[in-house]
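Asker:
Chains as they are written, first to last, in this note's numbering: chain W, 1 to 272; chain P, 273 to 579.
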């Protein structure tokens, strides 16, 4: 009951922030685009005629069209969608720590761990709901229009939520430590930007001259969350049904657990 | 819940250490205080005396450096110890996305009330604080006094055994203050312990039966209200004393005032007032009244913190 109340409160607060509505609005626009503007005519043998805004664009394999759309939606979720989600979430922890609000929450019969994890879970569910709305919406529309129902696309809901949860652990840590939404956003976005750079490990090993700098690079690569690789893994899974190892998943999960653990440790010791 | 004390602190100390200069500030320093179950207790002190830190240690929002804080005999740092507490913070910041009813629903759920009880209790408590008509209005539109009353409803909704109120009438108009006093009176009759932290001395004097004054982080004075305000002296009212006698008594009294043919003398001790009575009776003067006088809480407060 208490957990549910904390989750509902996070939902309410998220919905009160305009940036979440921007995310929902963009998802809705995408769904409407696939619903009304993208004309797909299935011809015998699985060949589709695809047209945008009435004009014929090209004729391709139906599976290729569907796979391309899935890839575009997943890429939107990992890039722009993730940025928006991090921006929108960055204030949700510092807002709870405001004087006059935190004392009242702490006066209730719940532990600090429960309070912070409830907030964390609520935030994840907000993003889960939004990505499920977009992915399920597009999947259903394309399924109805093409007859192709590829369940592997639904993996994008889980992976998007997972990547967001890892980044959210950083937002929470910075939030309880510095009480700054701006700092939480900057550090999380920096991690997102660093991810594709650090992913070029084999090339950097050739370019770096000293063993020391190579070790630093390797440490950063393994320690930090692999946002880029997780996105790429999902795209590969959607488009070619291949999956290259689980290392990015478990190293990112470990990073998230460590960040969340540190956030809980700081939060449980702080005076308000 | 077996303890006879609602609040019990022993040598409670909080030392803040500044991050860079390593300078220590003792916000509260060895505070030992006991608040009986069912008491209405006022905590007073000048700014920076440590009142807010003391209250926050009771709620476990601040971790004490040393000492213990118990709520009904349970360590205040345990979440279960806070179940019987209803708390109204000073300078509260309730999220403005709530409606009045929504806010009560949220905090009542955190206090452990199930949905059915919340549905029953929310309208009752909105009625209690006179906000029924505003139940579905976002609280961003509420005035400060309305927010204060809603905050009080939030503190009361789960039938707490102890109310900890930080400046409960802050920003409330006189009618609203009276209403809050009446509500607190009803909860006092039910045996609820009420702990008030306030700057408004007259308010504390009216409401509280016991009081403590914190100064520089330490308990400077504690006791029953009637005891701490007692012992100022005696007022002797005499009907038209002869001028010479009046002058004589004026020299012994701390003050003299004439009104409607009566003269009030203020004496600082029992011996002085008895001596005056002997003189008056010897000259067959009419004595209108004799009454012990008390200090106001403000006088006690100023005396205590200026020592």
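Ideal Cβ placement from N, Cα and C applies to all residues, glycine included. Keep in mind that this is a model prediction, so the values were computed, not measured.
Whose C-beta lies closer than 7 Å to the C-beta of residue 23 of chain W among residues of the same chain, with five residues either side of it excluded?
Answerer: For the purposes of this step, residue 23 of chain W is taken as residue 23 along the first chain, with counting starting at 1. 81, 84, 85, 88 and 130.
Asker: Is the Cβ of residue 98 of chain W closer than 8 Å to any Cβ of chain P?
Answerer: One-based indexing of the first chain puts residue 98 of chain W at position 98. So, interface residue.
Asker: At what residue ranges does the region 120–203 of chain W contain a whole run of the alpha helix (DSSP H), taking only runs of 4 or more?
Answerer: Listed in chain order, they are 155–178 and 181–198.
Asker: Roughly how many whole angstroms lie between the Cα atoms of residue 207 of chain W and residue 200 of chain W?
Answerer: Translated into positions along the first chain, residue 207 of chain W becomes position 207. Translated into positions along the first chain, residue 200 of chain W becomes position 200. Using only the alpha carbons, I get a separation of about 11 Å.
Asker: Using 8 Å as the threshold, is the region 381–401 of chain P in touch with the region 422–430 of chain P, meaning 3 or more CB pairs across them?
Answerer: Yes: the two stretches touch, three or more of their Cβ pairs being nearer than 8 Å.
Asker: Residue 328 of chain P versus chain W: which residues are under 8 Å apart at the beta carbon?
Answerer: The residue you call residue 328 of chain P lines up with position 56 of the second chain. Going along chain W in sequence order, the residues near residue 328 of chain P (Cβ under 8 Å) are 103, 271 and 272.
Asker: Based on Cα-Cα distance, which residue from W/165, W/16, W/186 and W/63 lies nearest to residue 153 of chain W?
Answerer: On the first chain, residue 153 of chain W is found 153 positions in, with the first residue counted as 1. Residue 153 of chain W has its Cα closest to that of W/63, out of W/165, W/16, W/186 and W/63.
Asker: Please identify the residue among P/526, P/413, P/343 and P/436 whose C-alpha is closest to the C-alpha of residue 371 of chain P.
Answerer: Against the second chain, residue 371 of chain P aligns to sequence position 99. Cα-wise, what sits closest to residue 371 of chain P is P/413.
Asker: Compare the C-alpha of residue 276 of chain P against each of P/513, P/344, P/439 and P/321 and name the closest.
Answerer: The residue you call residue 276 of chain P lines up with position 4 of the second chain. Among P/513, P/344, P/439 and P/321, the Cα nearest to that of residue 276 of chain P belongs to P/344.
Asker: Please state if the CB of residue 305 of chain P and the CB of residue 358 of chain P are separated by a distance shorter than 8 Å.
Answerer: By one-based count along the second chain, residue 358 of chain P stands at place 86. By one-based count along the second chain, residue 305 of chain P stands at place 33. Going by C-beta atoms, residue 358 of chain P is not nearer than 8 Å to residue 305 of chain P.
Asker: If I measure Cβ to Cβ from residue 322 of chain P and keep anything under 6 Å in the same chain, skipping five residues before and after, which residues do I get?
Answerer: Residue 322 of chain P sits at position 50 when you count from the first residue of the second chain. These residues qualify, in order along the chain: 299, 300, 486 and 489.
Asker: What does residue 529 of chain P pair with, by DSSP beta-bridge criteria?
Answerer: Working through the second chain from its first residue, we reach residue 529 of chain P at position 257. DSSP lists P/536 as partners of residue 529 of chain P.
Asker: Of all Cβ atoms in chain W, is any one closer than 8 Å to the Cβ of residue 344 of chain P?
Answerer: Sequence index remark: in the second chain, residue 344 of chain P carries index 72 (1-based). Chain W contact via Cβ: absent.
Asker: Using a C-beta to C-beta distance shorter than 9 Å, which residues of chain W count as neighbours of residue 332 of chain P?
Answerer: Here the question's residue 332 of chain P lines up with position 60 in the second chain. Simply 106, 107 and 112.
Asker: In angstroms, rounded to a whole number, what distance separates the CA positions of residue 95 of chain W and residue 348 of chain P?
Answerer: Within the first chain, the letter at position 95 stands for residue 95 of chain W. Within the second chain, the letter at position 76 stands for residue 348 of chain P. Going by the C-alpha atoms only, they are around 25 Å apart.
Asker: Given a limit of 9 Å on CB to CB distance, which residues of the region 388–405 of chain P reach chain W?
Answerer: Within the region 388–405 of chain P, no residue has a Cβ that lies closer than 9 Å to any Cβ of chain W.
Asker: Consider the Cβ of residue 179 of chain W: report whether some Cβ of chain P lies at a distance smaller than 8 Å.
Answerer: Along the first chain, one-based indexing puts residue 179 of chain W at 179. Cβ-Cβ to chain P under 8 Å: no for residue 179 of chain W.
Asker: Looking at C-alpha atoms only, which residue of W/218, W/211 and W/248 is the closest neighbour of residue 229 of chain W?
Answerer: One-based indexing of the first chain puts residue 229 of chain W at position 229. It is W/248 whose Cα lies nearest to the Cα of residue 229 of chain W.
Asker: Is residue 215 of chain W buried or exposed, if buried means 16 or more other CB atoms sit within 10 Å of its CB?
Answerer: Position 215 of the first chain holds residue 215 of chain W. Classification for residue 215 of chain W: exposed.
Asker: Helix or strand or just coil, what does DSSP make of residue 564 of chain P?
Answerer: Locating residue 564 of chain P in the second chain gives position 292, where the first residue counts as 1. Looking at residue 564 of chain P - three-state DSSP - the assignment turns out to be strand.
Asker: Counting only beta-carbon atoms, is residue 352 of chain P nearer than 8 Å to chain W?
Answerer: Taking the second chain and counting its residues from 1, one reaches residue 352 of chain P at position 80. By this cut-off, residue 352 of chain P is an interface position.
Asker: Where do the N-terminal and C-terminal ends of the beta strand (DSSP E) with residue 484 of chain P fall, by residue?
Answerer: As a working note, residue 484 of chain P is residue 212 in the second chain. Unbroken beta strand (DSSP E) run through residue 484 of chain P: 482–487.
Asker: Of all the beta strand (DSSP E) runs that stay within the bounds of the region 425–485 of chain P, which reach a length of 3 or more residues?
Answerer: Within the region 425–485 of chain P, the complete beta strand (DSSP E) runs of at least 3 residues are 434–438 and 465–469.
Asker: Would you mind reading off the limits of the alpha helix (DSSP H) that contains residue 257 of chain W?
Answerer: The residue labelled residue 257 of chain W in the question sits at position 257 within the first chain. Residues 247–269.
Asker: Just to confirm the assignment, what range does the beta strand (DSSP E) spanning residue 338 of chain P have?
Answerer: As a first step, residue 338 of chain P is located in the second chain; it is residue number 66 there, counting from the start. Where residue 338 of chain P is concerned, the enclosing beta strand (DSSP E) stretches over 338–343.
Asker: Which chain W residues are close to residue 378 of chain P, counting only those with a beta carbon under 8 Å from its beta carbon?
Answerer: Reading the second chain from its first residue, position 106 is the one you call residue 378 of chain P. Those within 8 Å of residue 378 of chain P in chain W are 5, 8 and 9.
Asker: On the DSSP letters alone, give me the boundaries of the alpha helix (DSSP H) that residue 415 of chain P sits inside.
Answerer: Locating residue 415 of chain P in the second chain gives position 143, where the first residue counts as 1. Per DSSP, residue 415 of chain P belongs to no alpha helix (DSSP H) and is neither H nor E.
Asker: Pull up the CB-CB distance for residue 466 of chain P and residue 437 of chain P, whole angstroms please, since I reckon it's below 8 Å.
Answerer: For the purposes of this step, residue 466 of chain P is identified with residue 194 of the second chain, where counting begins at 1. For the purposes of this step, residue 437 of chain P is identified with residue 165 of the second chain, where counting begins at 1. That belief holds up - the Cβ atoms of residue 466 of chain P and residue 437 of chain P are roughly 7 Å apart, short of 8 Å.
Asker: DSSP puts residue 570 of chain P in a beta bridge; with which residues?
Answerer: Within the second chain, numbered from 1, the residue matching residue 570 of chain P stands at position 298. Paired residue(s): none; residue 570 of chain P is not in a bridge.
Asker: Straight-line CA distance for residue 575 of chain P to residue 416 of chain P?
Answerer: Along the second chain, read from residue 1 onward, the residue named residue 575 of chain P stands at position 303. Along the second chain, read from residue 1 onward, the residue named residue 416 of chain P stands at position 144. For residue 575 of chain P and residue 416 of chain P, the distance between alpha carbons rounds to 33 Å.
Asker: Residue 68 of chain W: which of W/138, W/111 and W/182 sits nearest, CA to CA?
Answerer: Here residue 68 of chain W is taken as the residue at index 68 of the first chain, counted from 1. The shortest Cα separation from residue 68 of chain W among W/138, W/111 and W/182 belongs to W/138.
Asker: What is the residue span of the beta strand (DSSP E) that residue 490 of chain P lies within?
Answerer: As a position in the second chain, residue 490 of chain P is number 218, starting the count at 1. Element bounds for residue 490 of chain P: 490–496.
Asker: Measuring CB atoms only, is the region 448–459 of chain P touching the region 115–134 of chain W, in the sense that at least three cross pairs come out at less than 8 Å?
Answerer: With a cut-off of 8 Å, the region 115–134 of chain W and the region 448–459 of chain P do not count as touching, because too few Cβ pairs lie within range.
Asker: Enumerate in chain order the residues of its own chain whose CB-to-CB distance from residue 179 of chain W is below 8 Å, with the five nearest sequence positions on each side excluded.
Answerer: In the first chain, counting from the first residue as 1, residue 179 of chain W sits at position 179. Cβ neighbours of residue 179 of chain W beyond the five flanking positions: 94 and 97.
Asker: Based on Cα-Cα distance, which residue from W/36, W/78 and W/165 lies nearest to residue 234 of chain W?
Answerer: Against the first chain, residue 234 of chain W aligns to sequence position 234. The candidate whose alpha carbon is nearest that of residue 234 of chain W is W/78.
Asker: Residues in its own chain within less than 7 Å of residue 282 of chain P by CB, not counting five upstream and five downstream?
Answerer: For this step, residue 282 of chain P is matched to residue 10 along the second chain. Only 304, 339 and 340 meet the Cβ criterion.
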